[in-house]
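Structure, as structure tokens:
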Amino acid sequence: MSTTLIFVVATLSILGVISAVILFFIAQKFKVIEDPRIDMISEILPAANCGGCGYAGCRNFAESIVKNESLDNMFCPVGGNDLLKLIGPIIGKDAVEKDPMIAVLRCNGTLVHAPIKTSYEGISSCFFMHSLHSGDNGCPHGCLGGGDCVLVCTFGAMFMDPETGLPVIVQDKCVACGACVKACPRKIIELRPKGKKDRRIFVSCVNKEKGAIAKKNCEVACIGCGKCVKECKFEAISMENNLAYIHAEKCTLCRKCVAVCPTNAIWEVNFPERKKQSNDAETNEVSGQ
Amino acid sequence: MLLKTFTLGGIHPEENKISSGSPIRPASLPGTVTVPLAQHIGTPAEPVVAKGDKVKVGQLIGKGQAFISANVHSPVSGTILKIDDFMDSSGYRKRAVQITTEGDEWLETIDRSEALREDITLTREEIVARIKEAGIVGMGGATFPTHVKMIVPEGKKAECLIINGVECEPFLTSDHRLMLEKGAEVMVGTRILMTALGVNQGYIGIENNKPDAISLMQGLCNRFPGIEIVPLKVKYPQGGEKQLIKAILNREVPSGKLPIETGCVVQNVGTAVAVYDAVQKNKPLIERVVTVTGKSLKSPCNLLVRIGTPVSLLLEEAGGLPEDACKIINGGPMMGKALGSADIPVIKGMSGLVVMDVRDAKRPRVYHCIRCARCTVACPMGLAPYLIAQMAESHLEAHAEEERVMDCIECGSCSFTCPSGRPLLDNIRIAKSKVGQLMRTRAK
Chain H
618 MSTTLIFVVA TLSILGVISA VILFFIAQKF KVIEDPRIDM ISEILPAANC
668 GGCGYAGCRN FAESIVKNES LDNMFCPVGG NDLLKLIGPI IGKDAVEKDP
718 MIAVLRCNGT LVHAPIKTSY EGISSCFFMH SLHSGDNGCP HGCLGGGDCV
768 LVCTFGAMFM DPETGLPVIV QDKCVACGAC VKACPRKIIE LRPKGKKDRR
818 IFVSCVNKEK GAIAKKNCEV ACIGCGKCVK ECKFEAISME NNLAYIHAEK
868 CTLCRKCVAV CPTNAIWEVN FPERKKQSND AETNEVSGQ
Chain Y
3 MLLKTFTLGG IHPEENKISS GSPIRPASLP GTVTVPLAQH IGTPAEPVVA
53 KGDKVKVGQL IGKGQAFISA NVHSPVSGTI LKIDDFMDSS GYRKRAVQIT
103 TEGDEWLETI DRSEALREDI TLTREEIVAR IKEAGIVGMG GATFPTHVKM
153 IVPEGKKAEC LIINGVECEP FLTSDHRLML EKGAEVMVGT RILMTALGVN
203 QGYIGIENNK PDAISLMQGL CNRFPGIEIV PLKVKYPQGG EKQLIKAILN
253 REVPSGKLPI ETGCVVQNVG TAVAVYDAVQ KNKPLIERVV TVTGKSLKSP
303 CNLLVRIGTP VSLLLEEAGG LPEDACKIIN GGPMMGKALG SADIPVIKGM
353 SGLVVMDVRD AKRPRVYHCI RCARCTVACP MGLAPYLIAQ MAESHLEAHA
403 EEERVMDCIE CGSCSFTCPS GRPLLDNIRI AKSKVGQLMR TRAK
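So the protein lines, in turn, are chains H and Y.
If you're matching positions, the first sequence starts at 618 in our numbering and goes up one per residue.
If you're matching positions, the second sequence starts at 3 in our numbering and goes up one per residue.
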């Protein structure tokens with residue numbers, strides 16, 4: 618009985634040792650030499666696999682950095698500049714600072730501003746609705762409210778506001794990965810620089826129709842009047858196809874365009890209350906008289 | 003005798019052909035017409051008139067641009083008011099010519115007499131040129147330019163012509179009335195199309211729910227040799243090209259191929275009449291028969307309407323919009339699309355307007371798929387709609403392509419039969435357009 622047991626144990630042990638030796642030599646022969654830096658980088662990456670960098674996931678991003686040995690045109694929107702500063706020393710290159718970006722919704726056609734004319738029944742997909750009709754409020758450029766952008770957001774930074782019928786971008790959570798920009802069939806969402814002190818000014822409309830027609834469908838549409846273009850001293854605003862566009866790199870955030878816009882299509886975000894300024898303006902006028 | 007029909011799938015929606023007894027009558031002339039320059043599949047026409055020009059009925063106002071494009075003619079006489087973007091049935095604003103009506107002065111070259119002209123004197127090329135000149139497109143609703151369809155691709159041979167008098171959509175009766183009232187014109191139009199294709203065999207497929215049209219057309223057959231009337235069993239979607247070929251000739255169009263593969267060219271009854279008008283009477287496509295119907299409509303009717311007439315005017319002709327109206331559908335209830343506004347103009351492909359009340363128009367509540375396979379049984383193309391719809395929801399376009407999503411003819415049989423009220427066709431359409439995008443990028 619005991620000899621059988623010994624025999625079995627011994628056979629298995631010898632078999633194990635032989636296999637181990639074979640495996641050792643095979644492992645030596647077919648060794649995959651991987652740059653250890655890839656692992657080091659992918660460990661500090663956020664592992665969100667959002668694709669915001671333009672690569673297929675975080676690991677692929679790390680591989681490309683090591684392969685190219687440079688950080689040019691490499692940016693992880695989730696980790697931002699802080700993360701790139703950590704990656705820099707690993708491959709011995711300096712990270713290029715990039716302005717942090719954020720997604721902005723360039724449509725303010727809420728249920729209040731752009732009342733519903735027809736009612737859509739069916740699946741809630743902007744892609745489908747876009748191919749079907751111009752929208753419940755008649756604006757062929759504005760938000761359809763189907764929520765395709767909310768669906769693709771992996772950071773929980775978007776939700777639909779039932780009161781306005783528009784998606785809301787949560788500023789603290791948005792990492793500017795650009796998934797919503799791609800998902801929107803009407804190209805309403807844009808990635809813009811976050812701006813100094815998180816302040817930014819943009820035209821919250823993408824309607825390219827003539828003023829009268831745009832205004833008919835939506836109170837707060839850009840009517841292409843050109844007042845903002847004239848008002849801006851920094852040539853930061855351009856007008857194309859009846860639509861104003863504020864170039865963020867030239868904009869000094871003076872807010873003059875916001876004041877002159879007749880339809881309130883230009884939006885200011887995170888600025889202090891305007892009340893004091895308008896008082897100043899009034900007093901100036903009074904003193905001028 | 004056992005009637006012919008297609009074998010795969012099919013459904014039997016309630017027919018509701020309310021307006022079949024009402025003869026075609028001309029609608030009153032509108033004060034202004036808005037004629038879209040893109041009433042067909044393909045490149046929009048370019049305007050050849052300017053603001054302030056005087057035009058007569060039948061005068062060319064838009065010239066077809068590319069190979070797949072069609073001419074547009076003035077449906078009224080008057081002054082060009084504007085060439086601008088106007089809302090059309092797609093819900094988007096597209097380029098159109100607006101004309102104010104002044105009197106009703108026709109071009110002198112158009113033969114307005116009622117007399118039937120049977121003799122065909124033109125050659126094949128001349129006929130196709132005439133069709134192209136007259137801006138004729140598929141009148142069944144697809145609006146594919148007819149002259150393009152009449153040019154048989156090289157290496158292929160047309161053996162027969164099939165005229166589609168099926169009208170399988172519920173509610174619509176315009177083709178039915180056309181056959182009853184203009185049977186001889188349909189026959190001559192068919193002969194012209196047969197001459198243009200160089201074929202000796204023509205079939206006119208008519209569903210068995212139009213016995214009066216079948217007997218009338220069969221009576222006319224003796225005068226027009228080579229044309230055979232084929233009575234068909236009532237089944238939706240028999241009016242689909244592929245289904246009709248299968249029903250009449252028992253031939254199947256291969257997946258992803260055109261009907262010409264089977265040696266057939268299919269044209270609508272309305273197209274045949276338009277071809278007759280263009281070739282024999284020199285009259286371009288400026289008016290068409292539109293069925294205005296609906297359960298609660300006061301007087302459902304079949305109207306001969308000038309292209310560009312606003313839809314609201316047609317509804318007035320039919321006794322005004324009823325109070326319980328919920329949707330106005332452009333086309334039949336199965337494949338048509340609800341209109342966003344009643345101000346949009348009639349276009350060449352508008353076969354009917356169906357006014358639906360709240361009860362009929364409301365979408366059913368959506369439940370889970372219970373795997374009953376009714377959609378698979380109903381699909382006339384032999385697809386698995388539940389599966390493709392699921393793939394579309396999960397963004398699996400490549401898989402949907404393998405499941406032959408591009409073969410879908412969008413007849414809506416799957417959504418119609420679904421006991422869970424699932425929006426199958428909506429999802430399939432998404433998959434279809436996404437796969438289409440994929441294929442186009444691949445082709446580049």
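Yeah, the Cβ is synthetic: ideal placement off N, Cα and C, and Gly gets one too.
Here the structure is a predicted model, which is why all the values come from computation and not from measurement.
- Here the stretch 290-300 of chain Y makes contact with the stretch 324-334 of chain Y; the two share three or more CB pairs at distances below 8 Å.
- In the three-state reduction of the DSSP assignment, phenylalanine 776/H falls in the strand class, which pools E and B.
- With a threshold of 16 other beta carbon atoms within 10 Å, asparagine 270/Y meets it and is buried.
- Secondary structure remark: continuous alpha helix (DSSP H) runs of at least 4 residues inside the stretch 786-873 of chain H, in chain order: 796-800, 828-834 and 844-848.
- The C-beta of asparagine 332/Y comes no closer than 9 Å to any C-beta of chain H.
- Among the bridge pairs identified by DSSP, alanine 340/Y is matched with Ile331/Y.
- Distance check between valine 307/Y and each of Gly354/Y, Asn211/Y, Lys283/Y and Phe69/Y places Gly354/Y closest, using alpha-carbon atoms only.
- Fewer than three Cβ pairs drawn from the stretch 765-783 of chain H and the stretch 100-108 of chain Y lie within less than 8 Å of each other, which leaves the two stretches out of contact.
- Collapsing the DSSP output to three states places asparagine 666/H in coil.
- In this model, leucine 662/H and cysteine 675/H are separated by some 7 Å (Cα to Cα).
- Residue pairing by DSSP places glutamine 203/Y opposite Cys162/Y in a beta bridge.
- Listed as beta-bridge partners of valine 721/H by DSSP are Glu807/H.
- Taking a Cβ-Cβ threshold of 7 Å, the residues of chain Y close to serine 742/H are Ile432, in chain order.
- Segment contact: the stretch 264-282 of chain Y against the stretch 159-175 of chain Y, three or more CB-CB distances shorter than 8 Å; contact assigned.
- Counting other Cβ atoms within 10 Å of its Cβ, asparagine 834/H reaches 16 or more and is therefore classed as buried.
- In this structure, serine 91/Y sits near methionine 352/Y, with a CB-CB distance shorter than 9 Å.
- Assignment of methionine 89/Y by DSSP, reduced to helix, strand and coil, places it in the strand class.
- When beta bridges are read from the DSSP output, alanine 98/Y appears opposite Pro38/Y and Asp86/Y.
- Nearest to lysine 814/H by alpha-carbon distance, out of Ile740/H, Leu622/H, Lys804/H and Pro889/H, is Pro889/H.
- Taking 9 Å as the CB threshold, lysine 339/Y lines the interface with chain H.
- For leucine 306/Y, the enclosing beta strand (DSSP E) covers residues 303-308.
- Look at the stretch 349-374 of chain Y: the residues with a C-beta under 7 Å from a C-beta of chain H are Arg365.
- Counting along the chain, aspartate 359/Y sits inside the beta strand (DSSP E) bounded by residues 354-359.
- Counting the other CB atoms within 10 Å of its CB gives lysine 158/Y a total below 16, which places it among the exposed residues.
- The residue from Val877/H, Glu738/H and Arg723/H with its alpha-carbon nearest to that of alanine 363/Y is Glu738/H.
- One finds Ser751, Pro757, Glu826 and Ile830 in chain H with Cβ atoms closer than 9 Å to the Cβ of arginine 95/Y, taken in chain order.
- Residue state for threonine 264/Y is assigned as helix, using DSSP reduced to three classes.
- Beyond the five residues adjoining it in sequence on each side, glycine 322/Y comes within less than 7 Å, by CB distance, of Lys300 in the same chain, given in chain order.
- Per the coordinates, the alpha-carbon of lysine 715/H lies some 14 Å from the alpha-carbon of alanine 865/H.
- Residue pairing by DSSP places threonine 293/Y opposite Asn304/Y and Gly354/Y in a beta bridge.
- In the DSSP annotation of this structure, the continuous segment of the beta strand (DSSP E) that includes arginine 27/Y starts and ends at 26-28.
- For leucine 4/Y, there are no CB contacts under 6 Å within the same chain when 5 residues up- and downstream are skipped.
- C-alpha of glycine 782/H to C-alpha of serine 741/H: approximately 12 Å in a straight line.
- In the DSSP secondary-structure assignment, glutamate 209/Y is bridged to Leu234/Y.
- Of all alpha-carbon atoms in Val407/Y, Leu426/Y and Pro49/Y, the one lying nearest the alpha-carbon of cysteine 371/Y is that of Leu426/Y.
- Contact of methionine 152/Y with chain H is not assigned, every C-beta pair being separated by 9 Å or more.
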